[in-house]
Ligand code: MG
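Put into structure tokens, the structure is as follows:
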């Protein structure tokens, strides 16, 4: 595989990201796929979908899970509703995440990703112990599928994430590094964080954002790639430093404006190609 193949975050019938046809028009060789709705996750659909991807010359690198009832409205709402941490929905979501991993296996994909949710800081907290236990169980399910599990970054600082990974203690647990989330959630300088968690990074989101005036209390603002505070030349240089050669997957979440989304991702692709030529 070429170093740093470009990709986009994409979906079939549910979830975030661009449609598959748009990924094709953008000319990228890889996608991360946001899991389709349950009714779609059948063996027949997997076969059909794989045939379509082969026609388009696109390869799936990670299947991302997401759940009904998640809301990214503001930071407290994320803590309450997102991922496997909230206890009320944990068992149902764990079962669904296992189904998503099984569907990813039908697609021949060896990595599954998700926002695990806000990991509490207090390691003796029952919420923390529950998050560790559920992540272990999901890792073990993925391992039986020959898959790795990638935790999306951003909802905690790098040192908390490292501590959590060590506590879960599973060989197939890795990181999907999203530098914009570090800024959006106010969880630390993304380049420093990337260095810290570098040995765990197996996939990345190329997404950009501007810091909030009160980071960690208010949301930062997601902006087109290259217009925010990440600094993508430094980002690529740091990826090189940590030895990351995997896909550069562009994520731009403005699903309500598909034509602007496509145009902005197109500009992002041009920027990343320039930086690859310069830094790679
Ligand atoms: Mg992301």
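Residue numbers (our numbering): 1223 to 1502. All residues carry an ideal CB built from backbone N, CA and C; glycine is no exception.
Look at residue 1369 here: in three-state DSSP terms it is coil, with no helix or strand label.
Taken through DSSP and simplified to helix, strand or coil, residue 1470 comes out as strand.
Collapsing the DSSP output to three states places residue 1241 in a strand. When secondary structure is reduced to three states using DSSP, residue 1282 falls in the strand class.
Straight through space, the alpha carbons of residue 1382 and residue 1413 are spaced by roughly 16 Å.
Distance from the CA atom of residue 1327 to the CA atom of residue 1367, rounded to whole angstroms, is 7 Å. Between residue 1252 and residue 1281 a beta carbon distance of about 5 Å is seen, short of the 8 Å cut, so the two are scored as contacting. By the neighbour-count definition (other C-beta atoms within 10 Å, threshold 16), residue 1256 is a buried residue. In the three-state scheme derived from DSSP, where H, G and I count as helix and E and B as strand, residue 1424 is classed as strand. DSSP places residue 1258 outside both helix and strand once states are collapsed to three, so it counts as coil.
The ligand MG approaches residue 1374 closely enough that one of its heavy atoms is under 7 Å from the residue's Cβ. The beta carbon of residue 1386 lies closer than 6 Å to those of 1341 in the same chain, with the five residues before and after it left out. Residue pairing by DSSP places residue 1432 opposite 1443 in a beta bridge. Beyond the five residues adjoining it in sequence on each side, residue 1306 comes within less than 8 Å, by CB distance, of 1312, 1315, 1316, 1319, 1336, 1338, 1339, 1353, 1356, 1357 and 1360 in the same chain, given in chain order. Only residues of its own chain outside the window of five on either side were considered, and among them 1387, 1396 and 1397 have a CB closer than 7 Å to the CB of residue 1422, listed in chain order. The Cβ atoms of residue 1444 and residue 1475 sit closer than 8 Å to each other. The shortest CA-to-CA distance from residue 1389 to any of 1435, 1240, 1290 and 1350 is the one to 1350.
Per DSSP, the beta bridge partners of residue 1232 are 1240 and 1255.
Residue 1349 sits in a helix when the DSSP states are folded into three classes. In the structure shown, residue 1354 falls within a helical segment according to DSSP collapsed to helix, strand and coil. Shortest gap from the CB of residue 1400 to any heavy atom of the ligand MG: under 7 Å. Under the criterion of beta carbons closer than 8 Å, residue 1464 and residue 1447 do not qualify as touching, at roughly 20 Å. Here DSSP, grouped into helix, strand and coil, assigns residue 1477 to coil. Straight-line spacing of the CA atoms in residue 1301 and residue 1439 works out to 12 Å.
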